[in-house]
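62 is the number of the first residue of the sequence shown in the working numbering; add one for each residue after it. Each residue gets a CB set at the ideal place from its N, CA and C atoms; glycine is no exception. Worksheet: the structure to be examined is printed underneath.
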Amino acid sequence: MMRSLFSGVAGLKTHQTKMDVIGNNIANVNTTSFKSQSITFSDLMYQTTQAASAPTQTKGGVNARQIGLGSKSGAISTAIEGQGSTQTTNNPFDIMITGKAFFVVNNGQQDLYTRDGSFYVDGAGNLAMQSNGYLVRGWAAKLNPDTGAREIDTNSGLTTLEIMTADNSTYAPAATSQAIYSGNVDDNDTNINSDDGKTIQLEFYDNKGYLYTAKFSMKDVDKSKHIFNLQLVDILDSNGQSIGTTKMNCIGFGTTDYDSVNNKWNDDTALAAGYSKTVEDDGTITITDGTNSYNINSTGSVESITEVLKNAYGKTDAEIEEYGDYGTYSISGDGSIILKKGVNLRFDASTGNLVAADPQTDTETNKGMVDIIFNQTATIGGESVGLEAFGYQKGDKDTTEYKAGQLQIDFSSVTNYNSNGSATVKATKGDKKNNYTGRAVGEMNGITVSTDGKINATYSNGQTKLLGQIASAEFANASGLSKEGDNLYKQTLNSGTATIQDITTDGGYMNTGVLEMSNVDLSSEFTNMITTQRGFQANSRIITVSDTLLEELTNLKR
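What follows is the structure, encoded as structure tokens:
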């Protein structure tokens, strides 16, 4: 009789535990990324009053006689892999993670794991959880010196994702390095045949991100030969004001003739505004400033080149020193550089220096070539005034790279046809794929998180920068994780070690502007509540009926 009483008590306890689980599920029905739990029962133990016996030739076997002593809680499991519904928030730092993965966060002492992606950028610029400030972990983007691109190394250790930094707040400007002339040149265009010529404008950025407009004049040089001349006239700043004669003399966009018969542009580039230059068949360059002429011959000595530069720009104190295959070239005593004979030379009119091109990016494999570039980047009073595109080359070349700040102009898209006396030629910055256009300084105006967890910043100059990537963690037995509160989980002996990886490795992804809701199913919880209630009532009846029987027993003695 006493056994039934304790069996009822055991039943009450297990159903009470089940109600606790159901109550916790319902309480967290609106908790972000909450995973519902369920409980199973198992019988407790049995008292054997008679052991089982084996059958014999004369009689059959007898089963054991066992009396159960109640029930107990078997296991409490978490529906960890059950994906919750989507809740739209439109917050760019609210992120929902899919699949079996977890976010990795750190509380300053250890890494913890969560499905709650309600993040924000804290005062130090770090990506963190809104609820407790724990820092989100991932990989920071690093610049690849070989490719110049920012890349993520998922094999490196995890780090705090520092998003808002001084370096990330702006995107560096870049000078325009290429431009295109396109359209049609009509011989009968009245502007081309006028004294002033047809004006063509080209916008370009200098290396500080300032925007300028170069004004060119296109004139008919020889109508019978269909040759046209293009010459720099003026350069305007972003306010439409001319930069002035002083600064103009430090810029050499130059002059080029177009030969429509041979469909090519002949290199006949002027040094700067107010100067002109011609190129003879033997490679001699003649510089004219309106009064005097100075010649540079591609086969001439170093002395002749420096002497011409000195005369043309009024510089003095040119000196030459020869050291075998090397020579030191210096004008005006403002510094010197040792370079191989035949490599590219650049002349800076503001300092009077004749310098070599960057040996890392500007190579000549044929020693007989001449490439003299004037005023590569001019600076007056500390203010950058733009880039130039002057260059002359003689001789066959095997390898030539120019990455030292020149503005290369592509004329391959220009045609020469009759178009009713109207020329349509125009100039645009950048190449045919709209690369190398240059840019102004960019201010950060947005941050996006892609489906693979990569964080990109967008800037006002149209550029994007990869800042980092949010890491994800997976476990062999995610249900074995220990719940730590605050929507956090901790690794245990039975969960397995966290596998840190890109979320897309196992087909998962991240969604921004949304959060994962609880996966609690209220209909199931209410149904379980009913069955639990009835089970609790039934176990209560066991106790009351057992009590009634005991009462009858005690009433035998009156």
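Could you have a look at D608 and say whether DSSP puts it in helix, strand or coil?
Start at 1 with the first residue of the sequence shown, and residue 608 comes out as number 547. The answer is helix: DSSP assigns D608 an H, G or I state.
Going by CA-CA distance only, name the one from T237, S579 and V197 that's closest to K490.
Taking the first residue of the sequence shown as 1, we reach residue 490 at position 429. Comparing Cα-Cα distances from K490 to each of T237, S579 and V197, the minimum goes to T237.
Quick one: what's got a C-beta closer than 7 Å to T485's C-beta in the same chain, skipping five residues either side?
Along the sequence shown, one-based indexing puts residue 485 at 424. For T485, where only same-chain residues beyond five positions count, the Cβ hits under 7 Å are G244 and N245.
For T221 and N517, I'd like the C-alpha separation in whole angstroms.
Reading the sequence shown from its first residue, position 160 is the one you call residue 221. Reading the sequence shown from its first residue, position 456 is the one you call residue 517. If I take the Cα positions, the gap works out to 16 Å.
So, Q552 versus S533, is the Cβ gap smaller than 9 Å?
Residue 552 sits at position 491 when you count from the first residue of the sequence shown. Residue 533 sits at position 472 when you count from the first residue of the sequence shown. No, the Cβ-Cβ distance between Q552 and S533 is not below 9 Å.
For the alpha helix (DSSP H) that contains M63, what are its first and last residues?
Reading the sequence shown from its first residue, position 2 is the one you call residue 63. From DSSP, the alpha helix (DSSP H) with M63 extends over M63 to A88.
Pull up the distance between the alpha-carbon of G145 and that of R176, whole angstroms please.
The sequence position of residue 145 within the sequence shown is 84, counting from 1. The sequence position of residue 176 within the sequence shown is 115, counting from 1. When rounded, the distance between both Cα atoms is 10 Å.
In the DSSP assignment, find the unbroken beta strand (DSSP E) run with N290 in it and report its ends.
Position 229 of the sequence shown, counting from 1, holds the residue named residue 290. Note, N290: beta strand (DSSP E), I288 to L297.
If you draw a straight line from the alpha carbon of S585 to that of I137, how long is it in whole angstroms?
If you number the sequence shown from 1, residue 585 lands on position 524. If you number the sequence shown from 1, residue 137 lands on position 76. Roughly 16 Å between the two C-alpha positions.
Supposed contact pair A539 and L272 - C-beta distance, whole angstroms, cut 8 Å:
Translated into positions along the sequence shown, residue 272 becomes position 211. Translated into positions along the sequence shown, residue 539 becomes position 478. At roughly 55 Å, the Cβ-Cβ gap does not stay under 8 Å, so L272 and A539 are not in contact.
Sequence-distant residues of the same chain with beta carbon closer than 7 Å to N628, five excluded per side:
Here the chain has residues from 62 to 619 only, and residue 628 is not among them.
For N300, which of L196, T274 and R198 has the nearest alpha-carbon?
Reading the sequence shown from its first residue, position 239 is the one you call residue 300. Ranking L196, T274 and R198 by Cα distance to N300 puts T274 first.
Beta-carbon proximity of Y497 to Y174, cut-off 9 Å:
Taking the sequence shown and counting its residues from 1, the one referred to as residue 497 is at position 436. Taking the sequence shown and counting its residues from 1, the one referred to as residue 174 is at position 113. No. Outside cutoff.
Simplified DSSP assignment, three categories, for E142
In the sequence shown, counting from the first residue as 1, residue 142 sits at position 81. In this structure, E142 counts as coil in the three-state DSSP scheme.
Could you tell me if M63 is buried or exposed, where buried requires 16 or more neighbouring beta carbons within 10 angstroms of its beta carbon?
For the purposes of this step, residue 63 is taken as residue 2 along the sequence shown, with counting starting at 1. So M63 counts as exposed.
F265 versus V510, T593, I470 and F289, residue with shortest Cα-Cα distance
By 1-based counting over the sequence shown, the position of residue 265 is 204. Answer by Cα proximity: I470.
Of the residues T525, A189 and K544, which one's Cα is nearest the Cα of S230?
Here residue 230 is taken as the residue at index 169 of the sequence shown, counted from 1. Checked all of T525, A189 and K544; the closest Cα to S230 is T525.
Could you give the DSSP three-state label for A537: helix, strand or coil?
Position 476 of the sequence shown, counted from the start, is the residue given in the question as residue 537. Three-state DSSP puts A537 in coil, outside helix and strand.
Would you be able to state if there are at least three C-beta pairs under 8 Å between the segment 140-158 and the segment 102-112?
no
By alpha-carbon positions, which one of T110, N124 and I100 ends up nearest to S134?
Translated into positions along the sequence shown, residue 134 becomes position 73. Minimum Cα distance to S134 is reached at I100.
Distance CB(N548)-CB(S94) smaller than 9 Å
As a first step, residue 548 must be located in the sequence shown, where it is residue number 487. As a first step, residue 94 must be located in the sequence shown, where it is residue number 33. Yes.
Can you tell me whether D250 is helix, strand or coil according to DSSP?
In the sequence shown, the residue the question calls residue 250 occupies position 189. Here D250 sits in coil by DSSP.
Beta-carbon separation of T139 and L542 under 9 Å?
By 1-based counting over the sequence shown, the position of residue 139 is 78. By 1-based counting over the sequence shown, the position of residue 542 is 481. The answer is yes: Cβ separation under 9 Å.
Do you know whose CA, among Q170, E504 and G160, lies nearest D567's CA?
Taking the sequence shown and counting its residues from 1, one reaches residue 567 at position 506. Minimum Cα distance to D567 is reached at G160.
Spatial neighbours of G476 within its chain, please: C-beta separation below 6 Å, excluding the five flanking residues on both sides.
Position 415 of the sequence shown, counted from the first residue, corresponds to residue 476. For the record, residue 476 in the displayed sequence is Thr; it is not Gly. For T476, where only same-chain residues beyond five positions count, the Cβ hits under 6 Å are N245.
Check this for me: beta carbons of G674 and I531, under 9 Å apart or not?
Because residue 674 is not part of the residues shown, which for the chain are 62 to 619, the question remains open.
Where Q77 and T119 are concerned, what is the direct C-alpha to C-alpha distance, given to the nearest angstrom?
The residue you call residue 77 lines up with position 16 of the sequence shown. The residue you call residue 119 lines up with position 58 of the sequence shown. Near 50 Å, if we compare the C-alpha coordinates of T119 and Q77.
Given that a residue counts as buried once 16 or more other Cβ atoms are within 10 Å of its Cβ, and exposed if not, what is I128?
Working through the sequence shown from its first residue, we reach residue 128 at position 67. It counts as exposed.
6 Å CB neighbourhood of M80 in its chain, flanking five on each side removed:
Translated into the one-based positions of the sequence shown, residue 80 becomes position 19. The residues are T593.
Tell me where the beta strand (DSSP E) around N572 begins and ends.
Residue 572 sits at position 511 when you count from the first residue of the sequence shown. Start and end: M571 to T573.
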